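**Q**
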Amino acid sequence: MADTKKIRVRIAPSPTGFPHIGTIYQALFNFAFAKKHKGKFIVRIEDTDRTRFVEGAENAIFQALDWFGLTEDESPRFVGDYGPYRQSERLDLYHKYAQVLIDEGHAEFVYYKKDEAGQKKDYSDGNNEKAQSVADSKPPKNVQEMVETENNDWIVRMIVPKDEKIEVDDQIRGKIEFNTNEVNPQVLLKSDGFPTYHLGVVVDDHLMEISHVLRAEEWLSSFPKHKLLYDYFGWEMPPVFHTATLRNPDKSKLSKRHGHTNVEWYRLEGFLPEAILNYLALLGWSHPEEKEVFSLDEFIDKFDLKDIRPIPPVFDVVKLMWMNGLYIRERLTLEELRDRLLNFYSTLREVESYINNDKVLELTKTRMETLGDFKKLVLWSPEETVDTALKAELRDGLEKISENDWNKDVIFGNFKKFMEEKNVKMPVLYAMFTGRKHGLPLPDFMAALGKKESIERLSL
RNA sequence: GGCGCCAUCGUCUAGUGGCCUAGGACACAGGGCUUUCAUCCCUGUAAUCAUGGGUUCGAAUCCCAUUGGCGUCACCA
669 MADTKKIRVR
679 IAPSPTGFPH
689 IGTIYQALFN
699 FAFAKKHKGK
709 FIVRIEDTDR
719 TRFVEGAENA
729 IFQALDWFGL
739 TEDESPRFVG
749 DYGPYRQSER
759 LDLYHKYAQV
769 LIDEGHAEFV
779 YYKKDEAGQK
789 KDYSDGNNEK
799 AQSVADSKPP
809 KNVQEMVETE
819 NNDWIVRMIV
829 PKDEKIEVDD
839 QIRGKIEFNT
849 NEVNPQVLLK
859 SDGFPTYHLG
869 VVVDDHLMEI
879 SHVLRAEEWL
889 SSFPKHKLLY
899 DYFGWEMPPV
909 FHTATLRNPD
919 KSKLSKRHGH
929 TNVEWYRLEG
939 FLPEAILNYL
949 ALLGWSHPEE
959 KEVFSLDEFI
969 DKFDLKDIRP
979 IPPVFDVVKL
989 MWMNGLYIRE
999 RLTLEELRDR
1009 LLNFYSTLRE
1019 VESYINNDKV
1029 LELTKTRMET
1039 LGDFKKLVLW
1049 SPEETVDTAL
1059 KAELRDGLEK
1069 ISENDWNKDV
1079 IFGNFKKFME
1089 EKNVKMPVLY
1099 AMFTGRKHGL
1109 PLPDFMAALG
1119 KKESIERLSL
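The first sequence begins at 669 in our numbering and counts up one residue at a time.
1. Among Val985, Arg915, Met1036 and Asn946, which residue has its Cα nearest to the Cα of Ile979?
2. So the beta strand (DSSP E) Phe905 belongs to, where does it begin and stop?
3. To the nearest angstrom, how far is it from the Cα of Gly737 to the Cα of Arg883?
4. Grab me the residues of Arg745's own chain with a C-beta within less than 7 Å of its C-beta, minus the 5 sequence neighbours each way, in chain order.
5. Among the residues of its own chain, which have a CB less than 6 Å from the CB of Met1094, if the five just before and after it don't count?
6. Threshold first: 3 residues or longer. Then list the beta strand (DSSP E) segments lying entirely within the region 1077 to 1107, N to C.
7. Residues in its own chain within less than 8 Å of Leu1117 by CB, not counting five upstream and five downstream?
8. DSSP on Glu1121, reduced to helix/strand/coil?
9. Give the C-beta separation of Pro863 and Thr716 to the nearest angstrom, bearing in mind that I take them to be a contact with Cβ-Cβ under 8 Å.
10. Give the DSSP-derived three-state secondary structure of Gly952 in the structure shown.
11. Measuring only the C-alpha atoms, how far is Asp975 from Leu940?
12. With a threshold of 7 Å on Cβ separation, who are the neighbours of Ala766 within its own chain once the five nearest residues in sequence on each side are excluded?
13. Looking at the secondary structure, which residues open and close the beta strand (DSSP E) in which Leu857 lies?
14. Going by beta carbon distance, what residues of the same chain come within less than 6 Å of Gly1103, once the five residues before and after it are set aside?
15. Please work out which residues of its chain come closer than 6 Å, Cβ to Cβ, to Glu660, disregarding the five sequence neighbours upstream and downstream, and give them in chain order.
16. Whole angstroms is fine: what's the gap from Asn946's alpha carbon to Lys809's?
17. Please determine, among Tyr900, Lys895 and Leu936, the residue with the shortest C-alpha to C-alpha distance to Thr1015.
18. If I measure Cβ to Cβ from Asp837 and keep anything under 8 Å in the same chain, skipping five residues before and after, which residues do I get?
19. Ignore the nearest five residues each way along the sequence and tell me which others in Ala732's own chain have a CB closer than 6 Å to its CB.
20. Could you check if Gly938 is buried or exposed, using at least 16 other CB atoms within 10 Å of its CB as the buried criterion?
21. For Leu761, tell me which candidate among Leu1108, Met876 and Val747 has the shortest Cα-Cα distance.
22. Measure the alpha-carbon distance for Phe1101 versus Lys970 and round it to whole angstroms.
23. Work out the CA separation of Ile996 and Glu692 for me, nearest whole Å.
24. Nearest-angstrom Cα distance between Ser890 and Asp771?
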């Protein structure tokens, strides 16, 4: 009998900053799995930490997903049957289930209070009687009362059995055994009435009928905690896949300090979203035919959860660069490239005429790794010192070429003569026209620009 | 430190007991093409499969230990 259960997967980003490349990595695998099985890809916003909340961060996540073509099926903006999709709007649910846990003896009220330094302080030492003896207030009768009390100092904490084996099954690594002594009694409901991640994720994944959980490896340690919660509720835990986390070159968790984690950086540099996705797909997974270059559709077609490897990959921007260049020169037509460039340089008017020049565009196509490279190729950028007198001579020589004869062969003939007479080499000419020793094939470039513009440029 | 995960060229990886004196890609080096720089093509350097023990006729592949790396131990996710 085939599994008729609907495939529903999710990512659960928190709106605490810029969209992270690691989130896109997670989104890619979840998205591919959902699409492959005609399931739903869901985005649930985990905004339970009000101290880290960043205005606009949620919207940035959606913009990033759209840019990559990983648009979700259900989320706060595409409300489905399982909403709300923001945890801050689901508080009553967490209160209800926290109460269930208390009623069944799996959670308890504990007294916490800030000390003079403003640090949170646990007065209970895991001993609830002691907590109550030092408390300034009586424990609330129930969750309802707790969340309605102002300046509440009580929290709801889960109760963890002592010295019991707890086995958990990671679909990528296999069975892992923990002792419950290693599971810390997690706070489930904070004093402000908001849930912690752990309560939220268990309740929501269950209520939203998430069928498979693909999440980052750093959650592996809290796996037994979640398993315990599922058991307490009497719910069946969906299969969980812990994917390896992206690493810095020094193997530490990919971070701002060592690498580029902000999706916006990649966009601003002129990376193509499809190239980034292709590169990301190669981390922790490999194409069955060992192909390196493939589309998102092909990835979806070939992707299988069984092929995900547990080894944490280093995110190599150099290889990403190569792949991006490859996409620009092999996967984009001239027209498509033009559209991308026009869009990328929408605020830089001075490159527009170059983008709209077919010949120039062709010349740049094999010389760009990112869209950001384009302006360096076509614009004057002074890096070399130029002999202005010599430059004027070159210009005067070129000026003598008639409008009709202005083509790359005649221009090059002129160059040859000039180089012989002045005893200079090509790089000198390049510097005079572009400011740099190297660049677009000069005769072709000048021919493409036309006599008038070329001469003008030499007059600068 | 406790607990957990991981371990093939610098990096991404192929490899699931014999086809491996370990294959591909990036990077790097050299060469070809060429009017600079690229693209493109060819060649090369690079892993005693972390180390040490087993199991087996046979191990990168299975088992154990060690070492190393990483993760996690919050009223953050």
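From the three backbone atoms N, C-alpha and C, an ideal C-beta is built for every residue, glycine too. This one's a predicted model, so the numbers in the text were calculated from it and none came from an experiment.
**A** With the given structure in hand:
1. As a working mapping, residue 979 is identified with position 311 in the first sequence. When each option's Cα is compared against that of Ile979, the closest is Arg915.
2. Counted from its first residue, the first sequence places residue 905 at position 237. Correcting the residue identity first, residue 905 is Met in this sequence and not Phe. Careful: Met905 lies outside any beta strand (DSSP E) and carries neither H nor E.
3. In the first sequence, residue 737 corresponds to position 69, counting from 1. In the first sequence, residue 883 corresponds to position 215, counting from 1. Spanning the two alpha carbons is a distance of roughly 20 Å.
4. Counting from one through the first sequence, the residue named residue 745 turns up at place 77. Cβ-Cβ distances below 7 Å link Arg745 to Phe730 in the same chain, with the five nearest sequence neighbours on each side left out; the list follows chain order.
5. Here the question's residue 1094 lines up with position 426 in the first sequence. The beta carbon of Met1094 sits closer than 6 Å to no other beta carbon from its chain once the five residues preceding and following it are set aside.
6. Listed in chain order, the beta strand (DSSP E) elements of length 3 or more contained wholly in the region 1077 to 1107 amount to none.
7. Position 449 of the first sequence, counting from 1, holds the residue named residue 1117. Shown here for Leu1117: same chain residues with a beta carbon closer than 8 Å to its own, the five before and five after excluded, namely Asn1025, Val1028 and Arg1125 in chain order.
8. Along the first sequence, one-based indexing puts residue 1121 at 453. In the structure shown, Glu1121 adopts helical secondary structure according to DSSP, grouped into three states.
9. Position 195 of the first sequence, counted from the start, is the residue given in the question as residue 863. Position 48 of the first sequence, counted from the start, is the residue given in the question as residue 716. That pair is a contact at about 6 Å.
10. The residue given as residue 952 occupies position 284 in the first sequence. Coil, per DSSP.
11. For the purposes of this step, residue 975 is taken as residue 307 along the first sequence, with counting starting at 1. For the purposes of this step, residue 940 is taken as residue 272 along the first sequence, with counting starting at 1. As the crow flies, the alpha-carbon of Asp975 is around 26 Å from that of Leu940.
12. In the first sequence, residue 766 corresponds to position 98, counting from 1. Excluding residues within five positions, the ones whose Cβ falls inside 7 Å are Ala775, Val811, Val824, Leu856, Leu857 and Leu867.
13. Here residue 857 refers to the residue found at position 189 when the first sequence is read from its first residue. Leu857 -> beta strand (DSSP E) spans Val855 to Leu857.
14. Within the first sequence, numbered from 1, the residue matching residue 1103 stands at position 435. Taken in chain order, the residues that qualify are Trp1048, Ser1049, Pro1050 and Glu1051.
15. Residue coverage of the chain in this structure runs from 669 to 1128, which leaves residue 660 outside it and unanswerable.
16. Residue 946 sits at position 278 when you count from the first residue of the first sequence. Residue 809 sits at position 141 when you count from the first residue of the first sequence. Approximately 54 Å between the Cα atoms of the pair.
17. Here residue 1015 is taken as the residue at index 347 of the first sequence, counted from 1. Taking only the C-alpha atoms, the option nearest Thr1015 is Leu936.
18. Position 169 of the first sequence, counting from 1, holds the residue named residue 837. Leaving aside the five residues that flank Asp837 on each side, the residues in its chain whose CB is nearer than 8 Å to its CB run, in chain order, Lys843, Ile844, Pro907 and Val908.
19. Indexing the first sequence from 1 puts residue 732 at position 64. Only Pro687 and Val931 meet the Cβ criterion.
20. Residue 938 sits at position 270 when you count from the first residue of the first sequence. Buried: at least 16 other Cβ atoms inside 10 Å.
21. Numbered from its first residue, the first sequence carries residue 761 at position 93. Looking at the Cα atoms, Met876 is the closest of the given residues.
22. The count along the first sequence starts at 1 and reaches residue 1101 at position 433. The count along the first sequence starts at 1 and reaches residue 970 at position 302. Lys970 has its alpha-carbon roughly 49 Å from the corresponding atom of Phe1101.
23. Stepping through the first sequence from its first residue, residue 692 is reached at position 24. Stepping through the first sequence from its first residue, residue 996 is reached at position 328. Note that residue 692 is Ile in the sequence shown, not Glu. Approximately 21 Å between the Cα atoms of the pair.
24. Here residue 890 refers to the residue found at position 222 when the first sequence is read from its first residue. Here residue 771 refers to the residue found at position 103 when the first sequence is read from its first residue. Each residue's alpha carbon lies about 24 Å from the other.
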